[in-house]
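Colleague: Sending over a structure as structure tokens; questions will come in a sec.
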Amino acid sequence: MDPVSLVVAAVVAGATAGLKEQAQSAVRDAYLGLKNLIMRRHGVEVGAVELRPGSEAEQESLRGVLADAGVGEDAEVLGAAHEVVKAVREHDASAARAVGVNLNDVDAELIRIVNVKVRGDATGVDLDRVRTRGGIVIEGVQVDGGDSSAHP
Numbered sequence: 027m028d029p030v031s032l033v034v035a036a037v038v039a040g041a042t043a044g045l046k047e048q049a050q051s052a053v054r055d056a057y058l059g060l061k062n063l064i065m066r067r068h069g070v071e072v073g074a075v076e077l078r079p080g081s082e083a084e085q086e087s088l089r090g091v092l093a094d095a096g097v098g099e100d101a102e103v104l105g106a107a108h109e110v111v112k113a114v115r116e117h118d119a120s121a122a123r124a125v126g127v128n129l130n131d132v133d134a135e136l137i138r139i140v141n142v143k144v145r146g147d148a149t150g151v152d153l154d155r156v157r158t159r160g161g162i163v164i165e166g167v168q169v170d171g172g173d174s175s176a177h178p
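The following block contains the structure:
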């Protein structure tokens, strides 16, 4: 993984795990440290990804801004990113796993999910407390690579 992608992954994992009410202080502290360091040293705000950590568009946007700011060459930021990933793995492993589509507390007429592709230790589609009147259609989910415990 390239350095900027590592920082983006750490922001996503930290935002997903570190802002939960029950988050361990180690995760929260590591994430807030990374977030503040990125802002202080590079003037980059990660709030959009924090609000929507599962949004690939927000992640790509942040990746571009961080690359332009030279974050990939900042050893201190990279060290902080590694600390976030380490803390998340130790205290909230579920947040470190990629999810292609994650729907929680949804009430809809019909849900149709197609062509989801994820890599690594990932879940293609994760539904929790979803209610529909017309049903759910899920097609074309691919989980590529990673370990054998990946969940399509």
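When the letters of the sequence shown are read in order and numbered with this note's numbering, they come out as residues 27 to 178. Where a beta carbon is used, it is the ideal one built from N, C-alpha and C, also for glycine.
Using DSSP with H/G/I as helix, E/B as strand and the rest coil, what is Asp-100?
Modeller: The answer is coil: DSSP assigns Asp-100 none of H, G, I, E or B.
Colleague: Can you tell me whether Leu-60 is buried or exposed, with buried defined as 16 or more other CB within 10 angstroms of its CB?
Modeller: Flag for Leu-60 reads buried.
Colleague: Can you look up Leu-129 in the DSSP assignment and give me helix, strand or coil?
Modeller: Here Leu-129 sits in strand by DSSP.
Colleague: In this structure, what does DSSP give as the bridge partners for Arg-145?
Modeller: According to DSSP, Arg-145 bridges with Asp-170.
Colleague: Shortest alpha-carbon distance to Thr-42 belongs to which of Glu-86, Pro-79, Ala-83?
Modeller: Of the listed residues, the one whose Cα sits closest to Thr-42 is Pro-79.
Colleague: Is the segment 127 to 141 in contact with the segment 103 to 111, if contact means three or more CB pairs nearer than 8 angstroms?
Modeller: Too few Cβ pairs lie closer than 8 angstroms, so no.
Colleague: Compute the Euclidean distance between the alpha carbons of Val-144 and Ala-113, then round it to the nearest angstrom.
Modeller: Cα to Cα, the separation comes out at about 23 angstroms.
Colleague: Are the Cβ atoms of His-68 and Ala-95 separated by less than 7 angstroms?
Modeller: For His-68 and Ala-95, yes; Cβs fall inside 7 angstroms.
Colleague: Starting from the C-beta of Ser-31, find all residues in its chain whose C-beta is less than 6 angstroms away, skip the five residues before and the five after it, and write them out in chain order.
Modeller: Closer than 6 angstroms at Cβ, skipping near neighbours: no residue.
Colleague: Could you tell me if Ala-101 is buried or exposed, where buried requires 16 or more neighbouring beta carbons within 10 angstroms of its beta carbon?
Modeller: Per the 10 Å Cβ criterion, exposed.
Colleague: With Val-33 and Val-75 assumed to form a contact (beta carbons below 8 angstroms), what rounded beta-carbon distance in angstroms separates them?
Modeller: 11 angstroms between Cβ atoms; not a contact.
Colleague: Whose C-alpha, out of Glu-165, Ser-81, Val-169, Ala-83, is nearest the C-alpha of Val-140?
Modeller: It is Glu-165 whose Cα lies nearest to the Cα of Val-140.
Colleague: Is Ala-136 helix, strand or coil by DSSP?
Modeller: One point to set straight first is that residue 136 is Leu, not Ala, in the sequence displayed. DSSP places Leu-136 in coil when its eight states are reduced to three.
Colleague: Checking the sheet assignment: what are the DSSP bridge partners for Gln-162?
Modeller: The sequence shown places Ile at residue 162, rather than the Gln named in the question. Ile-137.
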